[in-house]
Amino acid sequence: MNESKDFLRLKVDEDLKSGKYKEVITRFPPEPNGFPHIGHAKSICINFGIARDYNGHCNLRMDDTNPTKEDTKYVEALKDAVEWLGFDYGENCCFTSDYFPKLYDYAVQLIKMGKAYVDSLNEDDMREFRGTVKEAGKRSIYAQRSVEENLELFEKMKNGEFKDGEHVLRAKIDMSAANMKMRDPLLYRIRHAHHFRAGDDWCIYPMYDFAHCLSDYIEGVSHSICTLEFENNRAIYDWVLNELNLQLPRPYQYEFARLGINYTVMSKRKLLELVEGDYVHGWDDPRLPTIAGYKRRGYTPESILNFCDQIGIAKANSMVDVSQLEFCIRDDLNKKVPRVMCVLDPVKVSIENYDGSEKIEASYYPHDVPKEGNRKLPFSREIYIERDDFNENPPKGYFRLTPEQPVRLKHAYILTCKEVIKDDNGNVIEIKAEYHPDSKSGSDTSGIKVKSAIQWVDAKKAKQIEVRLYDRLYKNESPEGLEDLNPNSLHVNKNALIEPAVIEEKPDERFQFERQGYFYADPIDYTNEKPVFNKIVGLKDSWGKKATSNKPTPKQVAKKVQIDGEIAPMSEEQEALFAKYTKNLGLNNEIANILARDEQLSSFYEEALLVISSPISLANIVTNEVGRELKKESELKFNAKQIAELVKMIDDATISSKIAKQVFEEMITSGENPEVIVEAKGLVQISDPAQIEPIIDEVIKNNPENIAKFKAGNTKLLGFFVGQVLKSTGGKANPAVVNKLVAGRLKDV
RNA sequence: UGGGGAUUCGCCAAGCGGUAAGGCACCACGUUUUGGUCGUGGCAUUCAUAGGUUCGAAUCCUAUAUCCCCAUCCA
Numbered sequence: 038m039n040e041s042k043d044f045l046r047l048k049v050d051e052d053l054k055s056g057k058y059k060e061v062i063t064r065f066p067p068e069p070n071g072f073p074h075i076g077h078a079k080s081i082c083i084n085f086g087i088a089r090d091y092n093g094h095c096n097l098r099m100d101d102t103n104p105t106k107e108d109t110k111y112v113e114a115l116k117d118a119v120e121w122l123g124f125d126y127g128e129n130c131c132f133t134s135d136y137f138p139k140l141y142d143y144a145v146q147l148i149k150m151g152k153a154y155v156d157s158l159n160e161d162d163m164r165e166f167r168g169t170v171k172e173a174g175k176r177s178i179y180a181q182r183s184v185e186e187n188l189e190l191f192e193k194m195k196n197g198e199f200k201d202g203e204h205v206l207r208a209k210i211d212m213s214a215a216n217m218k219m220r221d222p223l224l225y226r227i228r229h230a231h232h233f234r235a236g237d238d239w240c241i242y243p244m245y246d247f248a249h250c251l252s253d254y255i256e257g258v259s260h261s262i263c264t265l266e267f268e269n270n271r272a273i274y275d276w277v278l279n280e281l282n283l284q285l286p287r288p289y290q291y292e293f294a295r296l297g298i299n300y301t302v303m304s305k306r307k308l309l310e311l312v313e314g315d316y317v318h319g320w321d322d323p324r325l326p327t328i329a330g331y332k333r334r335g336y337t338p339e340s341i342l343n344f345c346d347q348i349g350i351a352k353a354n355s356m357v358d359v360s361q362l363e364f365c366i367r368d369d370l371n372k373k374v375p376r377v378m379c380v381l382d383p384v385k386v387s388i389e390n391y392d393g394s395e396k397i398e399a400s401y402y403p404h405d406v407p408k409e410g411n412r413k414l415p416f417s418r419e420i421y422i423e424r425d426d427f428n429e430n431p432p433k434g435y436f437r438l439t440p441e442q443p444v445r446l447k448h449a450y451i452l453t454c455k456e457v458i459k460d461d462n463g464n465v466i467e468i469k470a471e472y473h474p475d476s477k478s479g480s481d482t483s484g485i486k487v488k489s490a491i492q493w494v495d496a497k498k499a500k501q502i503e504v505r506l507y508d509r510l511y512k513n514e515s516p517e518g519l520e521d522l523n524p525n526s527l528h529v530n531k532n533a534l535i536e537p538a539v540i541e542e543k544p545d546e547r548f549q550f551e552r553q554g555y556f557y558a559d560p561i562d563y564t565n566e567k568p569v570f571n572k573i574v575g576l577k578d579s580w581g582k583k584a585t586s587n588k589p590t591p592k593q594v595a596k597k598v599q600i601d602g603e604i605a606p607m608s609e610e611q612e613a614l615f616a617k618y619t620k621n622l623g624l625n626n627e628i629a630n631i632l633a634r635d636e637q638l639s640s641f642y643e644e645a646l647l648v649i650s651s652p653i654s655l656a657n658i659v660t661n662e663v664g665r666e667l668k669k670e671s672e673l674k675f676n677a678k679q680i681a682e683l684v685k686m687i688d689d690a691t692i693s694s695k696i697a698k699q700v701f702e703e704m705i706t707s708g709e710n711p712e713v714i715v716e717a718k719g720l721v722q723i724s725d726p727a728q729i730e731p732i733i734d735e736v737i738k739n740n741p742e743n744i745a746k747f748k749a750g751n752t753k754l755l756g757f758f759v760g761q762v763l764k765s766t767g768g769k770a771n772p773a774v775v776n777k778l779v780a781g782r783l784k785d786v
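Terminal number for the first sequence in the working numbering: 786, no gaps in between.
Encoded structure:
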């Protein structure tokens, strides 16, 4: 488990600590218009996971505000996915459609406040009026309608007196907002459509931006977690909740990066296209990244959960490598499932010196899996082995059967090849061999050394099965469309042979077919007469990789050349200021440049300069620290004079620049004078070596390992020791002095 | 002539001014009746780039580059 917390949990910690919320309530809010995929699983893990970690709860909420796309079959798939992953939403399966009456009332309230209006522009005009990303939009003439008129119109909309598209309800915000989402967003539209749950009760339906925030509020959600593409919508989320003056606490929205996995697609549109176009066999096709697909393929919930845990949560768009997912399922199944023998591409072996038959007792589990269970393997004169496990002209490093090299039949005897029989085309159709009677597994006295043990099945007792072998659905790492589909993503093998116990005893539903991979008895198509197995994932195969891979082409890392963009020229006044700062005051170019280009900064600087004539240190602190505060919305609590005083204390070495930062932080929040802060906190700098030396001794004593590393040549550790000393003085030690002393001491140890 | 995000190893991802965590992948060795598992070791003198502040910068400041999102009566 990750020790470090993700940014969402950090936020929850903070909110709980500050008392903003008493309980953590989250929600998983899918729209029931498609089957959930592994991206949804990530969201489920985040929302239900956080609720679980903080003893809160998580609602499963169907965001069903668009009657034309949604359906109850998707609701079932969604519920099933959540349950399969092991989460319990209890009574809390909610529907936005249940809130339609409340939502309507909120809309009326907004109209009454003059914050929403009925617009009657047609769709094209509305787009036109919205402007573009770079140009402001303009408001519809209908925005001038009176509250009464709006109320009346809205009610008529609800009563079905208008046709689809005739009117909409819009929020009155700002048609020139830089955030396009805030240009009077739509709140309600008319849809004379049957809703799968609300029936025909409504002919107006709320939009996402209006319904979502209020649904969260109605449910008492504290942390409303969604994906990155909703970042711009957060402004409306906040606007609606603020304008309505709701009773606190209210929810806040946070965004994380959605999951991307290479060689697959995750968009609902593309998934739907694959299913409806019959490029795959339904939503639960094992090649699909849907939950239903993984479930049918044989993935375990544990493996998906573990995968979601491993990939983490962050805000950077990312593409996770499928090998990470494959690792998770192998890792899970490795410790759980029985090993059995199956031959996918059989070639007959006649053991010429063997007569009769026997049953060999064999464990289902290897020595490193602590589980119990055995079966009997029938063995006789005729068996089948894997075609790949014999080679007449073996490459270097081939461990299996060759005319010269014997091999062990797993759990049974060592076999030596005597003769190879081929058809007219040169294909091997049979191998004649001899076994070594004294080489039986467990009582081998033959002394023969073999390089590997291969799987086999008895020719008479083996059962024929169908095996469905899946490869990645797309041939491209970042597939765009149908043209990127892998034509060989499914291979059906109807002639595989498996040892009888698997079919007769059914010890499990998932197996490792020894040396091949993990397989799952298909939950739908499997019958006793015609057993069907799905390949979940192959075993890691370092031999196959080595044998296939072409020579490692040394990837030349073309060093990226960074193209520098153009820098905006300075105005004449800025030039003059820049010249003055560099020539008269002796500032460096960077600082002078920043100051000269920022009117607000330079005037702050000039004002402070009147109090103390220490142009350089003043300029440094103004550009690097004050600038940051100036950019914030809130007003400054400190003034130029106080900054000048702070600089004065640095200049006369009362405090170090490290302490100055601490003092500055305090000034930001309290607006107190620097002297007062220094006095109150006793932040005066310690420069006396006699006081510092004992602390250094202490630090050296407490970090013997790092001293050793330092002696071994890790000179970076100097900084570490300086840091430790500074830390134990609460930052008060004079860093320059500490540095010198520590450097001196470390030389001697 | 916009706004909002992001950038740390091949892929994820910690890090919040004081030693660049961890996982996947990869490489090597050891164990092995699965070319699996397991074990051990190796994988970032450097955090998109360039400057600046600091005793000390992935972390603070400035500029630049690149990628993603926003102009559905979808969510």
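Glycine included, C-beta positions come from ideal geometry on N, C-alpha and C.
- Where residue 77 is concerned, the enclosing alpha helix (DSSP H) starts and stops at 75–90.
- When secondary structure is reduced to three states using DSSP, residue 120 falls in the helix class.
- The C-alpha of residue 397 lies about 39 Å from the C-alpha of residue 342.
- Scanning its chain for C-beta atoms nearer than 7 Å, with the 5 sequence neighbours on each side dropped, one finds around residue 732 the residues 762, 765, 766, in chain order.
- In the three-state reduction of the DSSP assignment, residue 687 falls in the helix class.
- Under the Cβ criterion (8 Å, minimum of three pairs), the stretch 647–654 counts as touching the stretch 669–685.
- At the C-beta level, residue 451 and residue 494 stay beyond 8 Å of one another.
- With contact defined as three or more Cβ pairs closer than 8 Å, the stretch 164–182 and the stretch 256–268 are not in contact.
- Between residue 442 and the set 224, 783, 487, 775, the nearest pair of CA atoms involves 487.
- If you check the CB distance, residue 377 and residue 551 come in under 8 Å.
- Of the candidates 353, 113, 368, the residue whose Cα lies closest to the Cα of residue 574 is 368.
- For residue 138, the secondary structure class from DSSP, reduced to helix, strand or coil, is helix.
- In the same chain as residue 156, and ignoring 5 residues on each side of it, the C-beta atoms closer than 6 Å to its own belong to 177, 179, 205, 207, in chain order.
- No alpha helix (DSSP H) of 4 residues or more sits fully in the stretch 470–511.
- For the set 737, 497, 724, 785, the Cα lying nearest the Cα of residue 770 is the one of 724.
- A check of alpha carbon separations from residue 490 across 96, 95, 437, 555 identifies 437 as the nearest.
- Taking the C-beta atoms as reference points, residue 722 is found nearer than 8 Å to residue 693.
- If you draw a 10 Å sphere on the C-beta of residue 285, you find fewer than 16 other C-beta atoms in it, and that means exposed.
- Collapsing the DSSP output to three states places residue 202 in coil.
- In the structure shown, residue 225 falls within a strand segment according to DSSP collapsed to helix, strand and coil.
- In this structure the stretch 471–482 does not lie against the stretch 491–511, because fewer than three pairs of beta carbons, one per stretch, are closer than 8 Å.
- Under the three-state reduction of DSSP output, residue 552 falls in the coil class, being neither helix nor strand.
- Counted as a single uninterrupted DSSP element, the stretch harbouring residue 295 is not any beta strand (DSSP E), since DSSP gives it neither H nor E.
- In the DSSP assignment, residue 631 falls outside any beta strand (DSSP E) and lies within the alpha helix (DSSP H) extending over 626–634.
- Within its own chain, the residues whose Cβ lies closer than 6 Å to the Cβ of residue 108, once the five positions on either side in sequence are excluded, are 233, listed in chain order.
- With a beta-carbon spacing of about 7 Å, residue 457 and residue 440 fall inside the 8 Å limit used to define contacts.
- The Cβ atoms of residue 260 and residue 529 lie no closer than 8 Å to each other.
- Separation of the CB atoms of residue 783 and residue 747 is rounded to 6 Å, and the pair is thereby assigned contact status at 8 Å.
- Taking a C-beta distance under 8 Å as the contact criterion, residue 64 and residue 256 qualify as a contact pair.
- Around the Cβ of residue 704, a 10 Å sphere holds 16 or more other Cβ atoms; the residue is buried.
- Under the three-state reduction of DSSP, residue 606 is assigned to coil, being neither helix nor strand.
- Using a Cβ-Cβ distance cut-off of 8 Å, the stretch 408–427 and the stretch 380–389 are in contact, since at least three pairs of beta carbons, one from each stretch, lie closer than that value.
- Looking at the DSSP output, residue 99 sits in a beta bridge with 132.
- For residue 652, the enclosing alpha helix (DSSP H) covers residues 652–658.
- Around residue 624, the same chain offers 618, 632, 652, 653, 656 as residues with beta carbons nearer than 8 Å, after the five sequence neighbours per side are excluded.
- Per DSSP, residue 365 is one residue of the alpha helix (DSSP H) stretching across 359–371.
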